[in-house]
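Under the working numbering, think of the first position of the sequence shown as 7, with each following residue one higher. Ideal placement from N, C-alpha and C gives every residue a C-beta, glycine not left out. Note that this is a predicted model, so its numbers are computed, not measured. Heads up: the structure comes next, in structure tokens.
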Amino acid sequence: MEGLPADRAARVGAAGQPGARPGRRRHRGRELSAPGSGRRVLLWRHGQTTWNVERRFQGQTDIPLTESGVAQAQRAARLLAALEPDAIVSSDLARAANTAGELARLTGLSVTLDEGLRETYAGQWQGLTNREIEERYPAQFAAWRRGEPVRRGDGELEREVADRAVPA
């Protein structure tokens, strides 16, 4: 899940917008009622890893947090703890689990680890930079850059990732 840095994600409201109200979503400037509006789900990206710094595809390779990544997780956890979460669910990969662990430490909650929340399996692309991928897999890389459904490195399609993540 390659989204916002951990500290930025924590500053964003439940609906992905700064200051969004619980149970509401913003869509092109409008707030929409979310189904089951009594529940709020916050998505929080793991802290920085060495492969983030090197701009390498991580996929499901278990890369640990850098010192900066730990600090990002700690800052975000302080902000998220103020929202008084009821549960913490994380990918079982160390970078995500350790990021979630910072919030657990502050709230006293335990972290439920779920393989379904792992990042996209990117097969042979994992560990490679964009330049390396473009050189080794030019057609696949070009299709991916155009936004076409591609099994990156013969890995998962985005819809397959969604199918396994939704039940989590």
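Sort Tyr127, Ala106, Thr126 and Arg170 by Cα distance to Thr118 and report the nearest one.
Checking every option, the nearest Cα to that of Thr118 belongs to Ala106.
What is the DSSP secondary structure of Ile139, counted as helix, strand or coil?
Helix, per DSSP.
Can you check whether the C-beta of Glu108 is within less than 8 Å of a C-beta belonging to chain B?
Included in the structure is just one protein chain, with no chain B present.
Measuring straight from C-alpha to C-alpha, what distance separates Pro91 and His52?
Roughly 17 Å separates the two Cα atoms.
Provide the residue span of the beta strand (DSSP E) that contains Thr118, from first to last.
Its beta strand (DSSP E) spans residues Val117 to Leu119.
Determine the contact status of Gln66 and Arg124, defining contact as a CB-CB distance below 8 Å.
Contact: yes.
Who are the Cβ neighbours of Arg137 in its own chain at under 7 Å, not counting the five residues just before and after it?
Contacts found: none.
So what does DSSP say about Leu71, is it helix, strand or coil?
Here Leu71 sits in strand by DSSP.
Alpha helix (DSSP H) containing Val95: first to last residue?
Where Val95 is concerned, there is no enclosing alpha helix (DSSP H), although the beta strand (DSSP E) it sits in stretches over Ile94 to Ser96.
Using the DSSP secondary-structure output, state which residues sit across from Thr55 in a beta bridge.
In DSSP, Thr55 forms a bridge with Leu71.
So what's Arg101 in DSSP terms, helix, strand or just coil?
Note: Arg101 maps to helix in three-state DSSP.
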